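Report on the structure given below.
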Amino acid sequence: MKKDRILIIGAGGQIGAVLTEALRAVHGADSVVASDLRPLEGHDGPTEVLDALDANALAELVQSRHISQIYHLAAILSATGEKDPMRAWEINMRSLFNVLEVSRSLQLDKVYFPSSIAVFGREAAKQQTPQYEVLIPETVYGISKVAGENWANYYYRRYGVDVRSLRYPGIIGHESMPGGGTTDYAVDIYHYAVQGRDYECFLGPETSLPMLYMPDAIRATLQLMEAPADRLSARTSYNLAGMSFTPAEIAASISGELPGFRISYKPDFRQAIADSWPASIDDSAARNDWGWKPEFDLDAMTKDMLLHLREKYRTGVF
Ligand code: NAD
Ligand code: SER
157 MKKDRILIIG
167 AGGQIGAVLT
177 EALRAVHGAD
187 SVVASDLRPL
197 EGHDGPTEVL
207 DALDANALAE
217 LVQSRHISQI
227 YHLAAILSAT
237 GEKDPMRAWE
247 INMRSLFNVL
257 EVSRSLQLDK
267 VYFPSSIAVF
277 GREAAKQQTP
287 QYEVLIPETV
297 YGISKVAGEN
307 WANYYYRRYG
317 VDVRSLRYPG
327 IIGHESMPGG
337 GTTDYAVDIY
347 HYAVQGRDYE
357 CFLGPETSLP
367 MLYMPDAIRA
377 TLQLMEAPAD
387 RLSARTSYNL
397 AGMSFTPAEI
407 AASISGELPG
417 FRISYKPDFR
427 QAIADSWPAS
437 IDDSAARNDW
447 GWKPEFDLDA
457 MTKDMLLHLR
467 EKYRTGVF
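Take 157 as the starting number for the sequence shown in our numbering and just add one per residue.
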């Protein structure tokens, strides 16, 4: 039987849940197998329980489901990773090795592996951080992403595995909740706002970070994966940008729609992580190589987030 199915690993997560639906809309529900550690509910296509640390289970699934592409989204994110660095390293690296090895040995067509702005550290340019910049990350998450990018590049150059990658900024969406990152505040704040609640932010008011609205993140991912291979100059990972804002600026954007909304600040350990990251990103390589262009700015995102979240809280359907 022809191998022509897509496997998503970590499909129950913030990005995986939305990416699964987007890929099913393009390729058909039956062509996209969604997997995670726990059973996935409410899917209109095939699902599997898979621990990406189990190389044999992964190889069996790839063969039995006739998989030709893997989107490997499973990871421990920046803030959770700092609570148990060795566990974060083990999960992030071993799962990636399992994916790269199965893709090499079973000759899969393409692999997607997201990296992050967390690859940068304090030595990197803070503004318009370039594509090729010094990478000295300060979290175990960032270290695992730098190592992962280099292994992706190695598998491409040495074995010809077509691995593609984006350095996502903080991703914001109404469809799903974030899973333990430093940028999570920018999702939580909208949930508080639509419920008429004040929000206490774990970052200070002037902390500017690169962010991207979910529809743009999904579009970028699909666009990169559809791009002709000979257009791709970066085989580590592409810088990707949408917008940059501070907690004070997102609060002002929300107050423009909901005048009673109030924010206060109580920075915790995540402040140091955020301070080590870029404030804005130069994504010209992505723009030049495969035509990347974001559509949402902060105010457009705020309007859309509030529209969707109001409806969810009104109907109780999440
Ligand atoms: P998330 O934490 O919301 O979801 C990760 C999913 O992976 C979870 O559903 C979890 O159950 C699953 N998982 C964890 N360990 C697993 C294992 N051993 N086997 C199988 N599944 C496992 O993460 P996310 O925000 O959706 O991020 C997806 C990817 O994008 C990650 O690689 C992350 O580093 C990257 N990324 C995310 C952001 C962001 O802002 N969300 C930004 C930059 C990069
Ligand atoms: N949003 C992610 C995090 O905060 C960035 O990779 O961990």
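C-beta atoms are modelled at their ideal positions from N, C-alpha and C, and glycine is treated no differently.
Note that the structure is a prediction, hence the values are computed from the model and not measured.
Within 10 angstroms of its Cβ, does L463 collect 16 or more other Cβ (buried), or is it exposed? In the sequence shown, residue 463 corresponds to position 307, counting from 1. With fewer than 16 Cβ atoms within 10 Å of its Cβ, L463 is classed as exposed.
Kindly examine the ligand NAD and report whether one of its heavy atoms sits closer than 7 Å to the Cβ of P403. Locating residue 403 in the sequence shown gives position 247, counting from the first residue. No; taking the cut-off as 7 Å, the Cβ of P403 has no heavy atom of the ligand NAD nearer than that.
Any idea if F401 is buried or exposed, counting beta-carbon neighbours within 10 angstroms, 16 or more meaning buried? The sequence position of residue 401 within the sequence shown is 245, counting from 1. Per the 10 Å Cβ criterion, buried.
Using a 10 Å radius around the Cβ and a threshold of 16 neighbouring Cβ atoms, would you call Y288 buried or exposed? If you number the sequence shown from 1, residue 288 lands on position 132. So Y288 ends up on the exposed side.
Leaving out five residues on either side along the sequence, give the residues of the same chain with a beta carbon under 8 Å from the beta carbon of A167. Residue mapping note: residue 167 aligns to position 11 of the sequence shown, counting from 1. A173, L175, T176, A190, S191, D192, L196, T203, L229, listed in sequence order.
Is any non-hydrogen atom of the ligand SER found closer than 7 Å to the C-beta of T339, if you look at the structure I gave you? Reading the sequence shown from its first residue, position 183 is the one you call residue 339. Yes.
Identity of the residues DSSP links to Y394 by a beta bridge: Position 238 of the sequence shown, counting from 1, holds the residue named residue 394. DSSP output for Y394 lists L322 as bridge partner(s).
Can you tell me where the beta strand (DSSP E) with I437 in it begins and where it stops? Along the sequence shown, read from residue 1 onward, the residue named residue 437 stands at position 281. Per DSSP, I437 belongs to no beta strand (DSSP E) and is neither H nor E.
Among the residues of its own chain, which have a CB less than 8 Å from the CB of T392, if the five just before and after it don't count? Indexing the sequence shown from 1 puts residue 392 at position 236. S271, E305, N306, A308, N309, S321, listed in sequence order.
With three or more beta-carbon pairs closer than 8 Å as the criterion, would you say the region 380-391 touches the region 435-455? yes
Across which residues does DSSP place Q225 in a beta bridge pair? The residue you call residue 225 lines up with position 69 of the sequence shown. I162, K266.
Taking Cβ positions, are R194 and V205 nearer each other than 8 Å? In the sequence shown, the residue the question calls residue 194 occupies position 38. In the sequence shown, the residue the question calls residue 205 occupies position 49. Yes, the Cβ-Cβ distance between R194 and V205 is below 8 Å.
F401 - partner residues in DSSP beta bridges: Position 245 of the sequence shown, counted from the start, is the residue given in the question as residue 401. DSSP, once it has assigned bridges, lists L365 as partnering F401.
Buried or exposed for P415, going by 16 or more other Cβ atoms inside 10 Å? By 1-based counting over the sequence shown, the position of residue 415 is 259. When all chains shown are included, P415 counts as exposed.
Can you check whether the CB of G169 is closer than 8 Å to the CB of A185? If you number the sequence shown from 1, residue 185 lands on position 29. If you number the sequence shown from 1, residue 169 lands on position 13. Cβ distance not < 8 Å, so A185 and G169 don't count as in contact.
Kindly identify the DSSP beta-bridge partner or partners of D481. Within the shown structure, residues of the chain are numbered from 157 to 474, placing residue 481 beyond reach of any answer.
Could you give the residue range of the beta strand (DSSP E) that holds I419? Within the sequence shown, the letter at position 263 stands for residue 419. It spans 419-421 - the beta strand (DSSP E) in which I419 sits, taken as one unbroken run.
Could you tell me the alpha carbon to alpha carbon distance between D455 and S234, rounded to whole angstroms? Working through the sequence shown from its first residue, we reach residue 455 at position 299. Working through the sequence shown from its first residue, we reach residue 234 at position 78. If you take the alpha carbons of D455 and S234, they lie about 26 Å apart.
Secondary structure of E238, DSSP reduced to three states: Taking the first residue of the sequence shown as 1, we reach residue 238 at position 82. Helix.
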